[in-house]
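See structure below.
2 protein chains.
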Amino acid sequence: MLRMSTLFLRTLREDPADAEVASHKLLVRAGYIRRAAPGIYTWLPLGLKVLAKVENIVREEMDAAGGQEVHFPALLPREPYEATNRWTEYGPNLFRLADRKGADYLLAPTHEEMFTLLVKDLYSSYKDLPLTIYQIQTKYRDEARPRAGLLRGREFIMKDSYSFDVTDEGLEASYQNQRQAYVKIFSRLGLEYVIVQAQSGAMGGSKSEEFLSPTEVGEDTFVRSPGGYAANVEAVTTPVPAAIDWSDAPAAHVEDTPNTPTIASLVDVANSAHPRADREWTAADTLKNVVLAVTTPEGDRSLLVVGLPGNREADMTRLEAALSPLTVEPATEDDFKPYPQLVKGYIGPGVLGPQARPEGIARGDEGDTAIPYLLDPRVVPGTRWITGANEPGRHVFELTAGRDFEGDGVIEGAEVRAGDEAPDGSGPLELARGVEIGHIFQLGRKYAAALDLKVLDVNGKQQVVTMGSYGIGVTRAVALLAENNHDELGLRWPIQVAPFHVHVVATGKDDSVFEAAERFAKELEAQGIEVLYDDRPKVSPGVKFKDAELLGAPYILVVGRGLETGTAELKTRATGAALELPVADVVARTVAAVRAALPA
Amino acid sequence: MLRMSTLFLRTLREDPADAEVASHKLLVRAGYIRRAAPGIYTWLPLGLKVLAKVENIVREEMDAAGGQEVHFPALLPREPYEATNRWTEYGPNLFRLADRKGADYLLAPTHEEMFTLLVKDLYSSYKDLPLTIYQIQTKYRDEARPRAGLLRGREFIMKDSYSFDVTDEGLEASYQNQRQAYVKIFSRLGLEYVIVQAQSGAMGGSKSEEFLSPTEVGEDTFVRSPGGYAANVEAVTTPVPAAIDWSDAPAAHVEDTPNTPTIASLVDVANSAHPRADREWTAADTLKNVVLAVTTPEGDRSLLVVGLPGNREADMTRLEAALSPLTVEPATEDDFKPYPQLVKGYIGPGVLGPQARPEGIARGDEGDTAIPYLLDPRVVPGTRWITGANEPGRHVFELTAGRDFEGDGVIEGAEVRAGDEAPDGSGPLELARGVEIGHIFQLGRKYAAALDLKVLDVNGKQQVVTMGSYGIGVTRAVALLAENNHDELGLRWPIQVAPFHVHVVATGKDDSVFEAAERFAKELEAQGIEVLYDDRPKVSPGVKFKDAELLGAPYILVVGRGLETGTAELKTRATGAALELPVADVVARTVAAVRAALPA
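These protein sequences, in sequence, are chains V and X. Note that this note's numbering has the first sequence beginning at 1, numbered continuously upward. Note that this note's numbering has the second sequence beginning at 1, numbered continuously upward.
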């Protein structure tokens, strides 16, 4: 039995200075975790109990789904990650170090390479597959901005599993099997989730879905349609309009548009100086050319221009996802210097993309000094635009895509807005925020090919294995459980992950109170109920209640003045409901309440 | 139930090339672990099961002893380790790295600093103490020579606990409490141990003991006396002889001793050219001056000479322990170059220590160019020696300690030999080899003082807390259990740590055999017995038996030809004993055997 008098715990009345979100504040204040360094936390006794319960649910469902548990080192040699180029692609997110002999190591952010090599080491035939192996293990990521306590840490615990199959159909089955296990896990944890289509990003592979837990404090934005479409914002694709016949379109013409460096000022001047007959010009008639600086994992920086309708902002998250593993930021003054042809506020396709390329020179050829130019999917052939004329104070009107200009390619880089049509036609999108709690990938053959994992197939031929990878943020799940289950007084743990079931509070000074409380606590424990007993002799009832509410056990059993009339009080933390129980019934009724609440 | 047909396992018939000791060979061959990098291992499913059982025994006894479990990060900031100077003192054994902002971090080899700071953070009064907190956690040490698989790894799991007390008596009680828990843990694990006095080394503190598991493959040497003295070789102290009156001693005299660079050649020439009347000269009459290069954690290298009787070798392990945190190696040619006064093979006190110091110059003063000179405890005042005269081919005889020369201090650097007298007079020492499986320290106030951990005492005065630290090598314990429990066929796990209790082997081709075996396996499992069922249809009985012996379950249940006469065979792996059981009794008798073997 845990006793408050000896439990290694100090609750705090004040929020920690660096905490912004409720889960972070409360987990620290209630003595579950403690910061050791930015994004790096120590687990105190109560926190460790919650963590163990979450881990256990994950483990049970992985085992039930046929996963076999293994455990890899966190400290790994460079070579396997070099073979897949992730040593470089991870960029500054990877903790790198050298050992005493100068050999390069990393602290693994995820273990695709090592799992691939292990299976290669042990297995050689299709008969050995399918196989799903997993670990619950400490991972490292040198986040630029660790935040929100456990929600985005630099040392954290993940469950990562990996499936190995010979055929695409096998991969699909293994993927669906893990997906189903994830549904069970998050349901058992009591974590609300939305499964959304996702980008695979640096992980590579063909298909991926995220389990997002909807919450205001989430860093991820996702969309949903009434017809059931769901995707994270990076994965949303834009419905492409049909091309327009341009045979009757007027010729492009350059006009003076003085002092129009912004879309708003351009629309104003267009309507006043160059009005159109049928309707007003709007921002949607303009083509905005956004100059970006992109950097490769090797550190090479260059420019890229994205052309998108003037009524949409560029979305850096979507751009970065589309351009992964490049990093993206707005171009700086220094970036512009080598390009006098870029006239800020008046940039147009004339100096960008294929049309800026000398005759007979293909993209990337020597002599091609043009900046790559990628277009929003809405800029289909035949669409007509007002856009920069590459001279100060001048724009070109009726510039027609396909006829007057082209891009080097298409990019999904414009913001997604509420009300946009879902790509599958299932209705208008709504936007929400969430935290990624799971991510499942069909990696395909990328890792197996890079590391030469092959098995003999039924016909005795060597086949590259196809893989899936499946992650759950275990420490993050603890944070989200706290985030989703609290009120202004403190935490309110779901019983299946609570550090203990019943918080027995002895109030008053009489020995008889403490004797009764201790007896209840012992009898509850004898029946398998997990108890924290607040046995502190000289602490006021007010402080004890505050602590109990902060710590967040599902049930609080108050033993005090009521004893005089033969009762104790059982409170349900989540609802605040209180129940007077006759002393004789206290244990049985409390046990019954806990057992009824606990999942079967 | 584990099934061989799907278990992620490949047993190997060949020993891995890099393995020297049986535990390493067998744990790899039987598919328990797999090397990921030098001294860094992956745990496969069966290995992880053994590890979990060992961890669980450790956890139960820690909890029973009143310890509270917490969990610290492995990646830690430099500052706390800087405050205790261990950032530097750990030298090349510490994995150091910088994060993306250039801040220094380390992978913790042990967590004294962090535990101290955590208690400082939470506690402030004597009423909060005593406290013992612990973790079971992954640790890192960049060993110069990782070896023997899990026995000396670079990433490994330790249980480390820390006690906090106000008084010395409190520390002693906490220490004894942990010591008793260790006795229980190693007894439950079935690991033989010897508790020996130890040096505290880099850890600091006043008292420490090691739990050594005696084994031929151990790197540690320890001594035992018939009277119960036990110490690791670093901690053995030399009984100091009484000083000898030198008033009647003859004067020292330098003699020609051509071609005597070794002790053996010197003794020969001494006996032939300068014989003594009463007896032959022996190596014990000579004083050997060993020139060492010592390096500080900061990397400063300098010379040191140790004078010891010529019949004893210098023991680098004892020297290094005595000089910690300096590292020690024999001086090289380059080291000798700045010191023409050191004539190799003929070095004597004349150019060393105080007698080599200019008049009026104290050690360490400016102008003191002399090399520090430390003497073996046997070189007491009045002892007379043949030693180098600092000229080629010449030695000085009757050089008398205290009269003719002194050292700058005393050092325990000579080898300990079987038959040496125990320092407590409890008889002659015997030497044995072992592996450290536990180490308990009375740290005292070193860490608390360095990190300012104080609490208010009963009188309201601030007191520096006194601490203990207590470690168990958890992964190392797994290796030792394998090392101590194997034969030429494979592993023989003690049942309390075995990955499963019964290995059911179906031999033959008839469906009836597999049906019976599967039924036994299921019925055993229904009774709580952990089973691995070898259900592979096309594998020969010979291969299955070899695998079963290699994997090392305590019981092997062979289901095959015996079915025709209504029997199956239950083998006890450790003894090789086999028992024919009637089919009807198989499950009950096997359950009974397992339950009888399992500790209560």
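Ideal Cβ placement from N, Cα and C applies to all residues, glycine included.
Contact list for Y41 (chain X) against chain V, beta-carbon separation under 8 Å: P73
Integer-rounded CB distance, given that A277 (chain X) should sit under 8 Å from G382 (chain X): That belief does not hold up - the Cβ atoms of G382 (chain X) and A277 (chain X) are roughly 20 Å apart, past 8 Å.
8 Å Cβ cutoff, L48 (chain X) in contact with chain V: yes
Neighbour-count burial assignment, V196 (chain X), 16 or more Cβ in a 10 Å radius: buried
Neighbour-count burial assignment, D165 (chain X), 16 or more Cβ in a 10 Å radius: buried
Integer Cβ distance of L189 (chain X) from I33 (chain X), believed to fall under 8 Å: Between I33 (chain X) and L189 (chain X) the Cβ distance is about 18 Å, and since that is not below 8 Å, they are no contact.
Minimum Cβ-Cβ distance from F8 (chain X) to chain V less than 8 Å: yes
Among V:D268, V:E82, V:K344, nearest to N289 (chain V) - alpha-carbon criterion: V:K344
In DSSP terms, what I195 (chain X) is bridged to: X:F211
Close Cβ partners of G409 (chain X) (< 7 Å) along its chain, the five nearest in sequence each way excluded: L374
Within 8 Å, strictly: CB atoms of G307 (chain V) and P349 (chain V): yes
Per-residue DSSP class, three states only, for I185 (chain X): helix
Buried/exposed call for I13 (chain V), threshold 16 Cβ in 10 Å: Looking at the sequence shown, residue 13 (chain V) is not Ile but Arg. Counting Cβ neighbours within 10 Å, R13 (chain V) comes out exposed, since fewer than 16 surround it.
Interface flag, D99 (chain V) vs chain X, CB-CB below 8 Å: yes
Interface positions of the region 116-143 of chain X facing chain V (Cβ-Cβ less than 8 Å), listed along the chain: L118, D121, L122, Y123, L131, I133, T138, Y140, D142
Minimum Cβ-Cβ distance from P45 (chain X) to chain B less than 8 Å: The question asks about chain B, but that chain is absent: this structure's protein chains are V and X.
Closer than 8 Å to chain V by CB, L532 (chain X): no
Cβ-Cβ separation, D535 (chain X) to F520 (chain X) (assumed contact under 8 Å), whole Å: Actually they do not touch by this definition, with Cβ atoms about 12 Å apart.
Reference E216 (chain V); option with closest CA among V:L191, V:A516, V:R433: V:R433
For R224 (chain X), the residue or residues it bridges with in DSSP: X:A230, X:E430
Span of the beta strand (DSSP E), counted from its first residue to its last, around P582 (chain X): 578-582
Length of the line joining the Cα atoms of I386 (chain V) and P77 (chain X): 55 Å
Simplified DSSP state of I556 (chain X), which is helix, strand or coil: strand
Under the three-state DSSP convention, the category G67 (chain V) falls into: coil
Check whether V559 (chain V) and A517 (chain V) have beta carbons under 8 Å apart: yes
Residues, ordered as in the chain, of the region 456-477 of chain V that lie near chain X by beta-carbon distance below 8 Å: none
Reduced DSSP secondary structure (H/G/I, E/B, other) of A597 (chain X): helix
Residue nearest to E605 (chain X) in terms of C-alpha spacing, selected from X:F8, X:L7, X:V21: The shown model of chain X, from 1 to 600, leaves out residue 605 (chain X), and the question about it has no answer.
Segments assigned beta strand (DSSP E), at least 3 residues, entirely inside the region 472-532 of chain X: 502-506
Under 7 Å (Cβ pairs) to chain V, residues found in the region 270-299 of chain X: none
A235 (chain X) versus S302 (chain X): straight-line alpha-carbon distance, rounded: 25 Å
Chain-ordered neighbours of E155 (chain V) on chain X, where CB pairs are closer than 9 Å: P73, A74, L75
Three CB pairs or more closer than 8 Å across the region 45-54 of chain V and the region 62-80 of chain X: yes
Proximity to A606 (chain X) [Cα-Cα], best of X:P599, X:L532, X:V119: As displayed, chain X neither begins before 1 nor continues past 600, which places residue 606 (chain X) out of reach and without an answer.
Identified DSSP bridge partners for S163 (chain X): X:T132, X:G468
Nearest neighbour of S540 (chain X), chosen from X:A181, X:S426, X:V505, X:E488 [CA to CA]: X:V505
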